[in-house]
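Novice: Numbering (my numbering), first residue to last: 26 to 322. A virtual CB, placed ideally from N, CA and C, is assigned to each residue, including glycine. I have a structure I would like to understand better, so I am pasting it below and will then ask my questions one at a time.
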Amino acid sequence: MTPGRSSSRRWRSSSTSKSPRGCPKGNTWRAFTMAPIRLCVVGADGRMGQEVIRCAGEGFSIVGALTHTGSPNEGKTLAELGLPGGSLRIEDPSKLSSLLERADVYISFTTPDAEMANISVAAGLGKKIVTGTTGFDQSQLDALRSVIEGHTEAVMSYNFSVGINFLAGILSRTSALPKGYDASMYEIHHTGKVDSPSGTALYLGDILSEARKYTRVVHGRSGRGRRSAEELEISALRAGGVPGIHEVVLAGQNEMIRIGHTAFSRKIFAEGALLAARWLMDVSDRKIHSMREVLGV
């Protein structure tokens, strides 16, 4: 049994071939005979919030949907945005507490400033937390940790993709490579992404730095000067509507390893977030967890 999991809550389930439209079929999607997991989706009218709502099929119920103050979608129903959920209305942040009262899990893809306020409310009510918000500085991360730990369980991840987290597991083993192999990384995202490098690139960079003992990160390179052995290179590109590409190069003097991940659709992030929400229902340790813990990698 995974540490922290409670055996007191047992879900009876059976595999089903049915899945939300546009989402993969398979063992990930199950029809639960117990009550569905009730979700309050924050950032519900954003790209990721909408994907979560579309992919939350059997085993889940959307009981709350929030947007930011002043959003043109405030007061609209999910149906008006072409989303499942019928007459459920998208509310402003002042309604968060009342919506969370009937939810099991707070699930959010928003901005750091919004998250700081919202997670305090969710943790105070003891709700499970799944957040994929990126762009936090260290002081914000420290504040979130103090708010969450000891009060509720959370999964925080820069990237909920199953593939990215398996890639992270592979990169953690690059410590086995001998000296003389240099690691570099580049990432490509859509032009609407505001943080650079991506949170995922920073996450993978932290893993590489620990494995390869890098003490400095260089974001891009220009001018003259050699690369030092202590440097990890990370470059960011923004183009079109790319959901996400991350590639790592590990180069020695006579060979090169290239390891990459390409997202075809944002559905992979919604799937992972929902998988994390389901996993949290069996965890009762009041700690913050990673997506790698959810997957066991």
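What is the DSSP secondary structure of His245, reduced to helix, strand or coil?
Specialist: Note on residue identity: the sequence assigns Gly, not His, to residue 245. Residue state, collapsed to three classes: coil.
Novice: For Thr94, count the other beta carbons within 10 Å of its own beta carbon; 16 or more makes it buried, fewer makes it exposed. Which is it?
Specialist: exposed
Novice: With DSSP as the reference, label Asp220 as helix, strand or coil.
Specialist: coil
Novice: Can you find the residues in the same chain that come closer than 7 Å, C-beta to C-beta, to His214, ignoring five residues on each side of it along the sequence?
Specialist: The residues are Ser223, Arg263, Val267 and Gly269.
Novice: By the three-class DSSP mapping on this structure, what secondary structure does Tyr228 have?
Specialist: helix
Novice: Can you check which of these residues, Gly160, Glu140, Ser112 and Ser182, is closest to Leu169 by C-alpha distance?
Specialist: Glu140
Novice: So, at 6 Å on beta carbons, what are the nonlocal neighbours of Ala148 in its own chain, with the 5 sequence-adjacent residues on each side left out?
Specialist: Val172, Ile173, His176 and Thr177
Novice: Go through its chain and collect everything with a Cβ distance to Arg127's Cβ below 6 Å, but skip five positions before and after it.
Specialist: Val88
Novice: Use the C-beta contact count for Asp167: other C-beta atoms within 10 angstroms, 16 or more gives buried, fewer gives exposed.
Specialist: exposed
Novice: Who are the Cβ neighbours of Gly297 in its own chain at under 7 Å, not counting the five residues just before and after it?
Specialist: Phe185, Ser186, Val187 and Met316
Novice: Whole angstroms are fine: how far does the CA of Thr135 sit from the CA of Val146?
Specialist: Rounded to the nearest angstrom, the two C-alpha atoms are 15 Å apart.
Novice: DSSP on Lys120, reduced to helix/strand/coil?
Specialist: helix
Novice: Using the Cα positions of Ala254 and Glu212, report the straight-line distance between them to the nearest angstrom.
Specialist: 22 Å
Novice: Mind checking which residues open and close the beta strand (DSSP E) that includes Glu256?
Specialist: Unbroken beta strand (DSSP E) run through Glu256: Glu256 to Arg263.
Novice: Excluding the 5 residues flanking Ile293 on each side, which residues of the same chain have their C-beta closer than 6 Å to its C-beta?
Specialist: Ser186
Novice: Assuming Glu116 and Leu108 make a contact with CB atoms under 8 Å, what is their CB distance in whole Å?
Specialist: At roughly 14 Å, the Cβ-Cβ gap does not stay under 8 Å, so Glu116 and Leu108 are not in contact.
Novice: Taking the beta strand (DSSP E) that Phe85 belongs to, which residues open and close that run?
Specialist: Phe85 to Leu91
Novice: If we call anything under 8 Å between Cβ atoms a contact, is Ala179 one with Ile313?
Specialist: Less than 8 Å separates the beta-carbon of Ala179 from that of Ile313.
Novice: Measure the C-alpha to C-alpha separation of Ala302 and Pro61 and round it to an integer number of angstroms.
Specialist: When rounded, the separation of the alpha-carbon atoms in Ala302 and Pro61 is 11 Å.
Novice: Output the distance between the C-alpha atoms of Ser241 and Gln163, rounded to the nearest integer angstrom.
Specialist: Note that residue 241 is Arg in the sequence shown, not Ser. Near 17 Å, if we compare the C-alpha coordinates of Gln163 and Arg241.
Novice: Run the CB neighbour count on Met281, radius 10 Å, all protein chains shown included, and call it buried at 16 or more, exposed below.
Specialist: exposed
Novice: What are the boundary residues of the beta strand (DSSP E) that Leu64 is part of?
Specialist: Ile62 to Val67
Novice: Express the C-alpha separation of Gly68 and Pro137 in angstroms, rounding to a whole number.
Specialist: 12 Å
Novice: How long is the line joining the alpha carbons of Val243 and Glu258, rounded to whole angstroms?
Specialist: 5 Å
Novice: Nearest-angstrom Cα distance between Met181 and Val308?
Specialist: Straight-line measurement puts the Cα of Val308 at about 14 Å from the Cα of Met181.
Novice: Using the rule of at least 16 other Cβ atoms within 10 Å of the residue's Cβ for burial, across every protein chain shown, is Lys152 buried or exposed?
Specialist: buried
Novice: Any C-beta of chain B sitting closer than 8 Å to the C-beta of Val77?
Specialist: Of the protein chains in the structure, only one exists, and it is not chain B.
Novice: Put Leu196 into one of helix, strand or coil per three-state DSSP.
Specialist: If DSSP states are grouped into helix, strand and coil, Leu196 belongs with the helices.
Novice: Can you check which of these residues, Ser197, Ser112, Ser209 and Thr156, is closest to Val66 by C-alpha distance?
Specialist: Thr156
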